[in-house]
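*Asks:*
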Amino acid sequence: MAHVGTAAAAARQWPDDRSSNLLEVDRLQLAIDGVPLLSDVSFSCAPGEVVGLVGESGSGKTLTGLSVMGLLPRGAELGGHITFDGTDLVSASAKELRRLRGTRLSMIFQEPRASLHPARPVGKQIVDVVRAHEPDVPAAAARERGVELLAQVGLPSPRRTLNAYTHELSGGMCQRVMIAMALVCRPALLIADEPTTALDVTIQAQIIALLRRLADERGLSVVLISHNLGVVSDLCSRVVTMYCGQVVNDDRTVELLRRPRHPYPSALLRASDVDLDRARDWAGIAGTPANPARPPHGCRFHPRCPFRTDACEAAVPPLEPTASGGMTRCVRHAELDLVGVAA
1 MAHVGTAAAA
11 ARQWPDDRSS
21 NLLEVDRLQL
31 AIDGVPLLSD
41 VSFSCAPGEV
51 VGLVGESGSG
61 KTLTGLSVMG
71 LLPRGAELGG
81 HITFDGTDLV
91 SASAKELRRL
101 RGTRLSMIFQ
111 EPRASLHPAR
121 PVGKQIVDVV
131 RAHEPDVPAA
141 AARERGVELL
151 AQVGLPSPRR
161 TLNAYTHELS
171 GGMCQRVMIA
181 MALVCRPALL
191 IADEPTTALD
201 VTIQAQIIAL
211 LRRLADERGL
221 SVVLISHNLG
231 VVSDLCSRVV
241 TMYCGQVVND
251 DRTVELLRRP
261 RHPYPSALLR
271 ASDVDLDRAR
281 DWAGIAGTPA
291 NPARPPHGCR
301 FHPRCPFRTD
311 ACEAAVPPLE
321 PTASGGMTRC
331 VRHAELDLVG
341 VAA
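Going by UniProt numbering, the letters in the sequence shown line up with residues 1 to 343, in that order.
1. Relative to the C-alpha of Gly171, which candidate in Ala198, Thr253, Leu269 and Ala188 has its C-alpha closest?
2. For Pro138, count neighbouring C-beta atoms within 10 Å of its own C-beta (all shown protein chains included) and say buried if the count is 16 or more, exposed if not.
3. Just to confirm the assignment: which complete alpha helix (DSSP H) runs, minimum length 4, are found wholly within the stretch 289–316?
4. Quick check for students: name the residue ranges of the alpha helix (DSSP H) that lie wholly in the stretch 179–235, counting only runs of 4 or more.
5. Excluding sequence positions up to five away, which residues of its chain have a Cβ less than 6 Å from the Cβ of Thr161?
6. So, at 8 Å on beta carbons, what are the nonlocal neighbours of Ser324 in its own chain, with the 5 sequence-adjacent residues on each side left out?
7. For Tyr243, does the three-state DSSP call read helix, strand or coil?
8. Just mark Arg294 as buried or exposed, buried being the case when its beta carbon has 16 or more other beta carbons within 10 Å.
9. What distance in whole Å lies between the Cβ atoms of Thr241 and Asn228, which are believed to be in contact at a cut-off of 8 Å?
10. Considering Cα atoms alone, identify which of Ser20, Val331 and Phe43 is closest to Gln29.
11. Keeping to the same chain, check which residues put their C-beta closer than 6 Å to that of Gly219; ignore five residues upstream and five downstream.
12. Using only the alpha-carbon positions, how far apart do Arg189 and Gly326 sit?
13. Sorted by chain position, which residues of the same chain lie with C-beta nearer than 8 Å to Ile208's C-beta, five sequence neighbours on each side aside?
14. Is the stretch 78–86 touching the stretch 285–300, taking contact as three or more C-beta pairs under 8 Å?
15. If you draw a straight line from the alpha carbon of Phe109 to that of Ser115, how long is it in whole angstroms?
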């Protein structure tokens, strides 16, 4: 796992004016075959902002990203609103979603090698993407665009890579190819789903630096899905924490690291390697993650929370503003003094 201090997170800019967000997810609900999986998910991403979406496996992070992309399976029922650049994606037609995917919206997935076609050279796959969205672009021009992007993502021999098959590339090279393919039609928003999973620590750091540079140079908005708070704290200006299909906390990265406003992200920090430079006790999170199909009554985290009271079981807490300027789903946030790793 990557580990970092807090200086990099402090350097990322929290947008001063978030009134015109590129992406606005508002009270999103999702059920598949009648089974509820997401409930009251709300967050936003401003132009040029890098937002982290964190939580344990099964918290709903990837499903949220797939909901934005319109890549849900049959039997999926969406409620609420997902507004991207003025378009409501929940009510958009299949044709409109296809037009936006790959051009204005793009996504890279957890397993880059599995996402690439094993029987087609990289160059042909890049040309396929370009011409699917821009049919008037000649194949030669699409290949040249691919060469430029492969160079930008740090592949040392981009023309040779164009002719390579996925089995000839390392995991880190496959991830760079996927990032290039995701950016080839110049999207405004990139959803990166666990982009450093299964990569060694050195390659993780290179991919993080690459995403940071692309966001800065291109003004690209990024939603980074990860369970790794070290990765998120290095790259994101803001962190949205999910648990059991809900957003439970949304705050600036520096505020989250300094003083979490919800017991769940506080527990994640204690169990992480975000700041190995400080001597501190590590602690796992008691219990097992709740099932969003059968959530506990009240606060969904309360069965695992050391600070729970009877009020936590009485009703589902709403997202409320905090003193730090963020939002949290905890009835005790004003009285709890939770210590972060940057205290």
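Quick reminder that beta carbons are idealized off the backbone N, C-alpha and C, glycines included.
*Replies:* Concretely, from the data shown:
1. Ala198
2. exposed
3. 310–314
4. 201–218 and 229–235
5. Excluding sequence neighbours, Thr161 sits near Val122, Leu150 and Leu155.
6. Asp251, Arg252, Glu255, Arg259 and Arg261
7. strand
8. exposed
9. No, Asn228 and Thr241 are not in contact; Cβ-Cβ is about 13 Å, not under 8 Å.
10. Phe43
11. Gly48
12. It is worth fixing the name first, because residue 189 is Leu in this sequence and not Arg. Approximately 22 Å, taken between the alpha carbons.
13. Ala2, Thr196, Val231, Asp234 and Leu235
14. no
15. 7 Å
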